[in-house]
Amino acid sequence: MDLKGLPQTVQNFIEETIQNRENGKFPDNETCQKVMEYAADTGSQKLAGLGLYYLAEYYWQNDQYENTLQCLTESIGYLKNEQMYELLARTYNMMGAVSDRKNNRMVALSSYYNCLQYAEKYHFYYIQGMAESNIAYTLVRMRLRQEAIQHYRTAIDFYSKSEKTYQLNYNRINCMIECGCCHMYMGEMEEALRLWNQIEQIIREAPESYYSKITLEMYRISCELLQGHEEEALKLAADLLEQLSDRDVFEEIMDELVILAGILAILPDGKYLEELIRIIDEKHIEEHYNIFLDLYPFKSELLQKKGLTWEYIDYTRQYFDIYEKYQQENREALINVIELQNRLKNVTLDWTNMKASNRELESLAMHDELTGLANRTFLHEHFTSSFEHAYEEHELMGVELMDIDFFKEYNDHYGHLAGDQCLKAIAGVLRKQQVPGKIFCARYGGDEFMILYTGMTVEKIRRVAEDILREVRKLKLPHECSNCSNYVSVSQGVFVRIPVGNNKEWDFTSRADELLYKAKSCGRNSICLSTERFRDKFIEIK
Numbered sequence: 002m003d004l005k006g007l008p009q010t011v012q013n014f015i016e017e018t019i020q021n022r023e024n025g026k027f028p029d030n031e032t033c034q035k036v037m038e039y040a041a042d043t044g045s046q047k048l049a050g051l052g053l054y055y056l057a058e059y060y061w062q063n064d065q066y067e068n069t070l071q072c073l074t075e076s077i078g079y080l081k082n083e084q085m086y087e088l089l090a091r092t093y094n095m096m097g098a099v100s101d102r103k104n105n106r107m108v109a110l111s112s113y114y115n116c117l118q119y120a121e122k123y124h125f126y127y128i129q130g131m132a133e134s135n136i137a138y139t140l141v142r143m144r145l146r147q148e149a150i151q152h153y154r155t156a157i158d159f160y161s162k163s164e165k166t167y168q169l170n171y172n173r174i175n176c177m178i179e180c181g182c183c184h185m186y187m188g189e190m191e192e193a194l195r196l197w198n199q200i201e202q203i204i205r206e207a208p209e210s211y212y213s214k215i216t217l218e219m220y221r222i223s224c225e226l227l228q229g230h231e232e233e234a235l236k237l238a239a240d241l242l243e244q245l246s247d248r249d250v251f252e253e254i255m256d257e258l259v260i261l262a263g264i265l266a267i268l269p270d271g272k273y274l275e276e277l278i279r280i281i282d283e284k285h286i287e288e289h290y291n292i293f294l295d296l297y298p299f300k301s302e303l304l305q306k307k308g309l310t311w312e313y314i315d316y317t318r319q320y321f322d323i324y325e326k327y328q329q330e331n332r333e334a335l336i337n338v339i340e341l342q343n344r345l346k347n348v349t350l351d352w353t354n355m356k357a358s359n360r361e362l363e364s365l366a367m368h369d370e371l372t373g374l375a376n377r378t379f380l381h382e383h384f385t386s387s388f389e390h391a392y393e394e395h396e397l398m399g400v401e402l403m404d405i406d407f408f409k410e411y412n413d414h415y416g417h418l419a420g421d422q423c424l425k426a427i428a429g430v431l432r433k434q435q436v437p438g439k440i441f442c443a444r445y446g447g448d449e450f451m452i453l454y455t456g457m458t459v460e461k462i463r464r465v466a467e468d469i470l471r472e473v474r475k476l477k478l479p480h481e482c483s484n485c486s487n488y489v490s491v492s493q494g495v496f497v498r499i500p501v502g503n504n505k506e507w508d509f510t511s512r513a514d515e516l517l518y519k520a521k522s523c524g525r526n527s528i529c530l531s532t533e534r535f536r537d538k539f540i541e542i543k
């Protein structure tokens, strides 16, 4: 991280903090606040992005997920502005983990894929490994184990290419364990044992590595059983369950409890799974509702086998109470998850088909539900990359802001359902104008839309803007409350320029907004366009 220009005391503190973090020590709240104070004192966006990320990690370690998400969201702007792409990729990865903890798997997958965009572009192999492994873990919880194996295998390959860090073997071994458990579930025992042998080799070659011994013992139980060592497997299971009485050990294996339950369920004697359920009940993990919900099949089956009907009914009622409590705010996202599950069940081992499903996932998360156009999230991503490209290649960049004339009056007069249909019709016009790599249309908010033009001349941009104006008029949607037409119309502000110097995306957006205002003040139902050459000259198109 480039700290040039900052006071030496600040540089020393930040370098020490970064080094501690790379050695596996998470910054405490006091350290995070000090980084944020330095950011405020120096006006450094780099420190602001770094401080917010570290603060998010602090909240994550303390299970404060709302605060974690808030810090991560705030950090994105700073990290993008300062081109801190490695930390940006990590930010998206952690956003996915937070969303997964909140059982919002649709948003989690979207965040992981955002992470991969940056990690792939800049060859951050370790971060690619983490994101692929997290995607796999989410798919496992959706019962899509065959698809998960593909992602686990990809993650293992990326980890093998990564530079050695404090956390590398911890994540690498955990990834191999989870992949091995998937192979066991699929009946692919030789693959599961092959992974166990690879894990043992890693530990032999780097015995000082940091890894989770309790997680390793968990996987060893099933591997010993596969090799016919039943007595050893049962002894390991008993020892592990005894260790779970320790709070720190229990918290260390918390995320693997569902996998552990699956392993204990295959042991000849059901008492080990029953003991695990008893320990979990004592720990009251209801607040970790994603884990609680995923453990339901194991406990409910156990209660039914023992004939404990009333306990089963009470437990099922508790399951649905917790489900409703934590899922109400994400109900629409959960519907998308169910639809996603149904689509992904048809995914084959063909890697091309898997990639196609990934793109569909991204599309669902990046498009406006009403109009089908790109949403603000997708727009921001595309705008940033297009702007960077135009700046690097010294090419024209066009930004158009467009809104519907007197749309509030239209809504009030015709009703919101008619208003929605009007927005869809306008979106249909824009959709026909879209050209990949050249014309990108998005819903900016309410009745406002943004169109981005790249790799085009001013004259071509002008013609497209005129086409949009004419096509909206051709819709002939009656608008009795308009003061500029008998039909629905739009006003457009278009700014075209080659990005130079300290230009930011906001400069172009602000200029387009000025032009939109000019179009409205000139009577609406028109276009105002300004070019790089005639910066202060407006071209009005009626």
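Residue numbers (this note's numbering): 2 to 543. In this text, a Cβ means the ideal position worked out from N, Cα and C, and glycines have one as well.
For Y454: DSSP bridge partner residues: Position 453 of the sequence shown holds residue 454. According to DSSP, Y454 bridges with G399, I440.
Any contact between the region 31-47 and the region 8-20? By contact I mean 3 or more CB pairs, one from each, below 8 Å. yes
For the region 144-155 against the region 177-190, do three or more pairs of beta-carbon atoms, one drawn from each stretch, fall closer than 8 Å, so that the two count as touching? yes
Nonlocal neighbours in the same chain, by C-beta distance under 8 Å from E192, ignoring five residues either side: Reading the sequence shown from its first residue, position 191 is the one you call residue 192. Answer for E192: G181, H184, listed in chain order.
Contact under 8 Å by Cβ, A109 with T69: By one-based count along the sequence shown, residue 109 stands at place 108. By one-based count along the sequence shown, residue 69 stands at place 68. Going by C-beta atoms, A109 is not nearer than 8 Å to T69.
Could you check the C-alpha separation between E87 and L241 for me, to the nearest Å? Locating residue 87 in the sequence shown gives position 86, where the first residue counts as 1. Locating residue 241 in the sequence shown gives position 240, where the first residue counts as 1. Each residue's alpha carbon lies about 37 Å from the other.
Start-to-end residues for the beta strand (DSSP E) that takes in R498: Taking the first residue of the sequence shown as 1, we reach residue 498 at position 497. Start and end: 491-498.
Helix, strand or coil, according to DSSP, for G1 in the structure here? The chain is shown only over 2 to 543; residue 1 falls outside these bounds and no answer can be derived.
Using only alpha-carbon positions, find the residue among Y454, K475, K477, L476 that is nearest to A466. Residue mapping note: residue 466 aligns to position 465 of the sequence shown, counting from 1. Of the listed residues, the one whose Cα sits closest to A466 is Y454.
Under 8 Å between C-beta atoms of S483 and D421: To locate residue 483, count along the sequence shown from 1; it is residue 482. To locate residue 421, count along the sequence shown from 1; it is residue 420. No.
Limits of the alpha helix (DSSP H) - the one that I215 falls within: The sequence position of residue 215 within the sequence shown is 214, counting from 1. Note, I215: alpha helix (DSSP H), 214-227.
Under three-state DSSP, which class holds C116? What you label residue 116 is simply residue 115 of the sequence shown in a count that begins at 1. The answer is helix: DSSP assigns C116 an H, G or I state.
Whose CA, out of A266, V430, H230, lies closest to the CA of K306? Counting from one through the sequence shown, the residue named residue 306 turns up at place 305. Out of A266, V430, H230, A266 has the C-alpha closest to the C-alpha of K306.
Buried or exposed: N170, going by 16 or more other Cβ atoms within 10 Å of its Cβ? One-based indexing of the sequence shown puts residue 170 at position 169. Answer is buried; the Cβ neighbour count reaches 16.
First and last residue of the alpha helix (DSSP H) that includes S45? As a working mapping, residue 45 is identified with position 44 in the sequence shown. No alpha helix (DSSP H) contains S45, which DSSP labels as neither H nor E.
Nearest-angstrom Cβ-Cβ length linking F293 and M398, presumed shorter than 8 Å: Here residue 293 refers to the residue found at position 292 when the sequence shown is read from its first residue. Here residue 398 refers to the residue found at position 397 when the sequence shown is read from its first residue. Actually they do not touch by this definition, with Cβ atoms about 50 Å apart.
Three Cβ pairs or more, each shorter than 8 Å: is that satisfied between the region 441-453 and the region 471-479? no
Is the CB-CB distance between L424 and T372 below 8 Å? Sequence index remark: in the sequence shown, residue 424 carries index 423 (1-based). Sequence index remark: in the sequence shown, residue 372 carries index 371 (1-based). Going by C-beta atoms, L424 is nearer than 8 Å to T372.
Between L217 and I174, how many whole angstroms is the CB-CB distance? I'm expecting something under 8 Å. As a position in the sequence shown, residue 217 is number 216, starting the count at 1. As a position in the sequence shown, residue 174 is number 173, starting the count at 1. Indeed they touch by this definition, with Cβ atoms about 7 Å apart.
Output needed for N115: all residues of its chain with C-beta closer than 6 Å, excluding positions within five of it in sequence on either side, in chain order. Taking the first residue of the sequence shown as position 1, residue 115 is located at position 114. These residues qualify, in order along the chain: Y93.
Inspect the beta-carbon positions of R146 and Y186 and report whether they are closer than 8 Å. Along the sequence shown, read from residue 1 onward, the residue named residue 146 stands at position 145. Along the sequence shown, read from residue 1 onward, the residue named residue 186 stands at position 185. In contact: R146 and Y186 (Cβ atoms closer than 8 Å).
Three-way DSSP call (helix, strand, coil) for D404 in this model: Position 403 of the sequence shown, counted from the first residue, corresponds to residue 404. Correct three-state label for D404: strand.
Pair within 8 Å by beta-carbon distance, L530 and V495: Residue 530 sits at position 529 when you count from the first residue of the sequence shown. Residue 495 sits at position 494 when you count from the first residue of the sequence shown. Yes, the Cβ-Cβ distance between L530 and V495 is below 8 Å.
Inter-residue spacing [alpha-carbon to alpha-carbon] between E275 and F299: Counting from 1 along the sequence shown, the entry for residue 275 is found at position 274. Counting from 1 along the sequence shown, the entry for residue 299 is found at position 298. Looking at the two C-alpha atoms, the distance is approximately 9 Å.
Alpha carbon of E257 to alpha carbon of G271, nearest angstrom: Walking along the sequence shown from the start, residue 257 turns up at place 256. Walking along the sequence shown from the start, residue 271 turns up at place 270. Rounded to the nearest angstrom, the two C-alpha atoms are 19 Å apart.
In three-state terms, what does DSSP make of Q342? Residue numbering aside, residue 342 sits at position 341 when the sequence shown is read from its first letter. Bear in mind that the predicted position of Q342 carries a pLDDT of just 40, short of 50, making it too unreliable to give a figure here.
Top-ranked residue by Cα proximity to Y119, from R279, L478, R91: Counted from its first residue, the sequence shown places residue 119 at position 118. If we check each option's Cα against that of Y119, R91 comes out closest.
Out of I157, A137, E38, R498, which one is the CA nearest neighbour of E148? The count along the sequence shown starts at 1 and reaches residue 148 at position 147. Among I157, A137, E38, R498, the Cα nearest to that of E148 is on A137.
Around the Cβ of Q202, are there at least 16 other Cβ atoms within 10 angstroms (buried) or fewer (exposed)? The sequence position of residue 202 within the sequence shown is 201, counting from 1. With fewer than 16 other Cβ atoms within 10 Å, it is exposed.
What residue range is occupied by the uninterrupted beta strand (DSSP E) comprising I281? Translated into positions along the sequence shown, residue 281 becomes position 280. No beta strand (DSSP E) holds I281; the alpha helix (DSSP H) holding it covers 272-284.
Beta-carbon spacing of A426, F379 below 8 Å: Taking the first residue of the sequence shown as position 1, residue 426 is located at position 425. Taking the first residue of the sequence shown as position 1, residue 379 is located at position 378. No; because the gap between Cβ atoms is not below 8 Å, this pair is not in contact.
Could you check which residue in S213, K521, E389 has the C-alpha nearest to that of Q84? Walking along the sequence shown from the start, residue 84 turns up at place 83. The shortest C-alpha separation from Q84 is found at E389.
Rounded C-beta distance between V11 and Y39? I'm assuming under 8 Å. Along the sequence shown, one-based indexing puts residue 11 at 10. Along the sequence shown, one-based indexing puts residue 39 at 38. The pair is a contact, with the Cβ atoms about 5 Å apart (cut-off 8 Å).
Compute the beta-carbon to beta-carbon distance between I1 and E253, rounded to the nearest angstrom, for a pair I have assumed lies under 8 Å. Shown here, the chain extends from 2 to 543; a query on residue 1 therefore has no answer.
Considering only residues of the same chain and omitting the five flanking positions on each side of E225, which have a CB-CB separation below 6 Å? For the purposes of this step, residue 225 is taken as the residue at position 224 of the sequence shown. Cβ neighbours of E225 beyond the five flanking positions: E233, A234.
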